[in-house]
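A.B. asks: Structure provided below as structure tokens; questions to follow.
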Amino acid sequence: MKRLDFIFITLIGLVAFLLGGKLIDSLGQTQIGFIDQPLTDLSAFEKRIEAQIQSGEDIYLLARQWEWSTELTLKEGKNYKLHIASGDIQHAFHLEKKATGHSIDILLQPGREYVVSLNNLTAGVYAIGCTQYCGIEHNKMRGKLIVLK
196 MKRLDFIFIT
206 LIGLVAFLLG
216 GKLIDSLGQT
226 QIGFIDQPLT
236 DLSAFEKRIE
246 AQIQSGEDIY
256 LLARQWEWST
266 ELTLKEGKNY
276 KLHIASGDIQ
286 HAFHLEKKAT
296 GHSIDILLQP
306 GREYVVSLNN
316 LTAGVYAIGC
326 TQYCGIEHNK
336 MRGKLIVLK
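Here my numbering is used: the first residue of the sequence shown is 196, the next is one more, and so on.
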């Protein structure tokens, strides 16, 4: 083996080793302000959606083929905890970057509740989308987040 080949292979191995270490460090970590927990009672979650007062800190949203449970109306400058769940099959929640300063993308598995912090909301109307194909009317699965001043 030529000396240049040996140096090149050694560098590739070193880079692979360093990247593998970074990957191992990242295992088990989630987004800041994001909680994934078991959903033990879907009907209780649905009751919280019906009873929620939008001015509270905790708000609830349920994904079902092919709709979101409610339109969310929130206030600018307040901090919220958004509880999201899927009532049937796998969905994905997407909120565009303009609303919070960073986009939020969460893969929703049935039987799980996801809690994400919504901070620094900017006034406006934002689309909530499902980015996981969930059936024939997936393209119509749009929700709305309204942030008032």
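The beta-carbon is built from N, C-alpha and C at its ideal position, and this holds for glycine as well.
Keep in mind it's a predicted model, so treat the numbers as computed, not measured.
Can you check DSSP and say which residues form a bridge with I279?
C.D. replies: L256, Y309
A.B. asks: Pick out whichever of I279, L269, V342 has its Cα sitting closest to the Cα of P233.
C.D. replies: I279
A.B. asks: Less than 8 Å between the beta carbons of K293 and Y255, yes or no?
C.D. replies: no
A.B. asks: Nearest to Q260 by CA position, among L343, K335, K344, is which residue?
C.D. replies: K335
A.B. asks: Would M247 and Q285 be called neighbours here (beta carbons separated by less than 8 Å)?
C.D. replies: Residue identity differs from the one stated: residue 247 is Gln in this sequence, not Met. Not a contact, by the Cβ cut-off of 8 Å.
A.B. asks: For L267 versus F240, is the C-beta distance shorter than 8 Å?
C.D. replies: Not in contact: L267 and F240 (Cβ atoms no closer than 8 Å).
A.B. asks: Determine the burial state of G296: buried for a count of at least 16 other Cβ atoms within 10 Å of its Cβ, exposed for fewer.
C.D. replies: exposed
A.B. asks: Confirm the yes/no value for this check: CB of L340, any heavy atom of the ligand MG, distance under 7 Å.
C.D. replies: This structure simply doesn't include the ligand MG, nor any ligand for that matter.
A.B. asks: Can you list, in chain order, the residues of its chain whose CB lies under 6 Å from that of G306, leaving out five sequence neighbours each side?
C.D. replies: L234
A.B. asks: For V351, is the classification buried or exposed, using 16 other Cβ atoms within 10 angstroms of its Cβ as the cut-off for buried?
C.D. replies: Outside the displayed range of the chain (196 to 344) lies residue 351, so it cannot be described from this structure.
A.B. asks: Taking Cβ positions, are L277 and A287 nearer each other than 8 Å?
C.D. replies: no
A.B. asks: Cutting at 6 Å between CB atoms, please list the residues of its own chain near N314, excluding the five before and the five after it.
C.D. replies: Excluding five sequence positions before and after N314, the CB atoms of its chain that fall closer than 6 Å to its own CB belong to N274, given in chain order.
A.B. asks: How should I299 be labelled, buried or exposed, when 16 other C-beta atoms within 10 angstroms of its C-beta is the threshold for buried?
C.D. replies: By the Cβ-count criterion, I299 is buried, with 16 or more other Cβ atoms from all chains shown falling within 10 Å of its own Cβ.
A.B. asks: Verify whether the separation of the beta carbon atoms of L340 and L290 is less than 8 Å.
C.D. replies: yes
A.B. asks: Distance check for L199 and C329, CA to CA, integer angstroms please.
C.D. replies: 52 Å
A.B. asks: Between the Cα of S238 and those of L209, S281, D220, spot the shortest distance and give me the residue it belongs to.
C.D. replies: That would be S281, whose Cα lies nearest to the Cα of S238.
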